[in-house]
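To keep things clear, I will list the structure first and then write my remarks on it.
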Amino acid sequence: MNVTTITMGSARFPYRLGTGCVDQIVARLGELEGSRYLVVADTTVAGLHGNDLTERIRRSAGPADLLVHRGGEEHKGLGTLNQLTEAALRLGADRRTIVVALGGGVTGNIAGLMAALLFRGIRLVHVPTTVVAMLDSVLSLKQAVNSSIGKNLVGTFYQPVEVLADTAFFRTLSRREIRSGLCEVVKNALAIRPSMIDVLSANLPLDENYDDDVMRWIIHESIAAKAQVTENDMHERRQGLVLEYGHTIGHALEHASKGEVPHGAAIGLGMLAEAEIAHRLGMADRGLVELHRELISKVGVDLRFPADVNPDDVRLRLRYDNKRGYLNSAGEGYVMVLLKAPGVPLESEGLPLTVADRSVADAVVDEFAHPAAVAARPAEST
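Numbering (this note's numbering), first residue to last: 12 to 393.
Structure follows, in structure tokens:
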């Protein structure tokens, strides 16, 4: 497995990446000498990978148990966190126990927060199985769950001891899941690392099969993009806030859709909507909007909100976005990341954030919820 050291301020941890390397993952877990290994996975990943990995750990590394939770954003809450934490304690978790987060971003966040809370902090290892997790969520110290009010409002910062990634897990993903994850790559290219755009565009035709070489390049570039803005901002409260691009409207859409819109796809739509807002506010030209449309279309994400998503619900979630309070001048506007050009976020009060006029943003949300708002494409296959 290739090793990259991830540095975020004082936090440092290895990111080990390979293909078809589950045996090496198990061997590395054994080297960490946990008293017990708690593998956390949702019901789908438990069946695909969880039972096998847990049994391998049990044979080679030490006592291991599989903790299973229901998948989806609607189950990423305090109730699920409490159930898993109680189960961990009943199984005999102690201060030398290692939590193994096996799955996507939802599982990573729940397991990460559980590891942070048990005994005020036990070791956490991420074993990501989705594109979003492998190139985005595990490259952050943020661990959080949702409340009934909004997404990721209850959480903390907590460092994993390692990330152990196997791109072979992608072979069990649907095309919809892969497309969703690639929207986070588009975010990195547009907001942080525009040097990626040409190569990324060339590798994202609508019906292309994504091979391991392309995925490894994508992961490498995503690690570099994240490092560019988090190396000196481990809590993502200064320049790291640019990683929130697309997330203001994206999180609101994801929450309002009750999980119907996957995280990455919601971020893709959020970026396109926020580019449109920047243009209408006179902060970006039409070419930037069209660049967003081109890249997100090539990924294969539908450029409209689902018909059953109520734009009023999206607007309600916008009012509770987790970037509230960063800017003193926010007033009644929405605080979001807006771009002037690729890799050039607009700034306010020394942060890569802008106050968007509420009436303009609300109008854009309305238009994206209407079938005629954006150029449509055929429904994506799964």
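For every residue, glycine included, the Cβ atom is placed at its ideal position computed from N, Cα and C.
Note that the structure is predicted; figures quoted are calculated from it, not measured.
To which residues of the same chain is residue i closer than 8 Å at the C-beta, ignoring the five residues directly before and after it?
i, result
"glutamine 398", "Given that the chain is displayed from residue 12 to residue 393, the structure contains no residue 398 and the question cannot be resolved."
"aspartate 56", "Strictly speaking, residue 56 in this sequence is valine, with aspartate absent from that position. Excluding sequence neighbours, valine 56 sits near Gly82, Leu113, Gly114, Gly115, Thr118, Thr140."
"serine 340", "Ser359, Glu360, Val366"
"arginine 204", "Glu232, Ala235, Ala236, Gln239, Gly354"
"glycine 342", "Val366"
"arginine 23", "Thr16, Ile17"
"glutamate 84", "Val117, Asn157, Lys162, Glu265, His266, Lys269, Gly270, His274"
Taking its Cβ as the centre, do 16 or more other Cβ atoms sit within 10 Å of residue i, making it buried, or is it exposed?
i, result
"lysine 269", "exposed"
"alanine 104", "buried"
"leucine 100", "exposed"
"serine 159", "exposed"
"glutamate 232", "buried"
"glycine 90", "exposed"
"arginine 328", "buried"
"aspartate 222", "exposed"
"threonine 16", "exposed"
"glycine 281", "buried"
"glycine 45", "buried"
"aspartate 147", "buried"
"alanine 318", "exposed"
"valine 143", "buried"
"arginine 190", "buried"
"valine 136", "buried"
"phenylalanine 130", "exposed"
"alanine 372", "buried"
"aspartate 209", "exposed"
"glutamate 301", "exposed"
"asparagine 13", "exposed"
"glycine 58", "exposed"
"alanine 52", "buried"
"glycine 336", "exposed"
"alanine 213", "exposed"
"alanine 289", "buried"
Measure the Cβ-Cβ separation of residue i and residue j and say whether it is below 8 Å.
i, j, result
"valine 399", "serine 359", "Since the first and last residues shown for the chain are 12 and 393, residue 399 lies out of range."
"leucine 193", "glycine 275", "yes"
"valine 376", "arginine 297", "no"
"valine 111", "tyrosine 48", "yes"
"leucine 364", "valine 346", "yes"
"leucine 78", "valine 50", "yes"
"leucine 124", "glycine 166", "yes"
"isoleucine 230", "leucine 64", "no"
"leucine 362", "arginine 249", "yes"
"phenylalanine 181", "methionine 226", "yes"
The ligand MG heavy atoms versus the CB of residue i: any closer than 7 Å?
i, result
"arginine 81", "Absent from the structure shown: the ligand MG. Ligands present: none."
So, for residue i: in the same chain, excluding its five sequence neighbours on each side, which residues have a beta-carbon less than 7 Å away from its beta-carbon?
i, result
"alanine 380", "Phe316, Val320, Pro322"
"methionine 19", "Leu152, Thr241, Glu242, Met245"
"tryptophan 228", "none"
"isoleucine 36", "Val138, Leu175, Asp177"
"aspartate 324", "Ala267"
"methionine 294", "Leu349, Lys351, Leu357"
"leucine 128", "Thr96"
"glycine 344", "Val366, Ala367, Asp368, Arg369"
"histidine 86", "His80"
"valine 156", "Lys87, Gly88, Leu89, Leu92, Asn120, Ile121, Leu124, Val165, Gly166"
"arginine 106", "Phe130, Ile133"
Tell me which same chain residues have a C-beta within less than 6 Å of the C-beta of residue i, skipping the five on either side of it?
i, result
"glycine 31", "Ala179"
"arginine 134", "Ile109, Val172"
"leucine 299", "Ala286"
"alanine 277", "Gly261, Leu264, Glu265"
"glycine 41", "Ser71, Ala72"
"alanine 284", "Ile260, Val375, Phe379"
"arginine 4", "Missing from the structure shown is residue 4; the chain here goes from 12 to 393 and no further."
"alanine 202", "Val253, Tyr256"
"alanine 126", "Val110, Ile133, Leu135"
"glycine 279", "Cys194, Ile307, Val312"
"methionine 207", "Ala200, Glu232"
"glycine 394", "Because the chain in this structure spans residues 12 to 393, residue 394 falls outside the shown range and cannot be described."
Using a Cβ-Cβ distance under 8 Å, would residue i count as near chain E?
i, result
"arginine 326", "Going by chain labels, chain E is absent from the structure shown, which holds only one protein chain."
Runs of alpha helix (DSSP H) wholly within the segment 26-103 (minimum 4 residues, chain order) = Qualifying alpha helix (DSSP H) stretches, in chain order: 33-42, 62-71, 89-101.
Would you check if the segment 193-211 and the segment 305-325 touch, i.e. whether three or more CB-CB distances between them fall below 8 Å?
-> yes
State whether the segment 332-344 contacts the segment 251-268, with contact taken as three or more CB pairs (one from each stretch) at a distance under 8 Å.
-> yes
Fully enclosed by the segment 102-189, which alpha helix (DSSP H) runs are 4 residues long or longer?
-> 116-128, 142-146
Could you name each continuous alpha helix (DSSP H) segment of 4 residues or more that falls completely within the segment 321-384, going from the start of the chain to the end?
-> 322-329, 369-379
Could I get the ranges of all uninterrupted alpha helix (DSSP H) runs contained in the segment 273-297, with 4 residues as the minimum, in chain order?
-> 274-291
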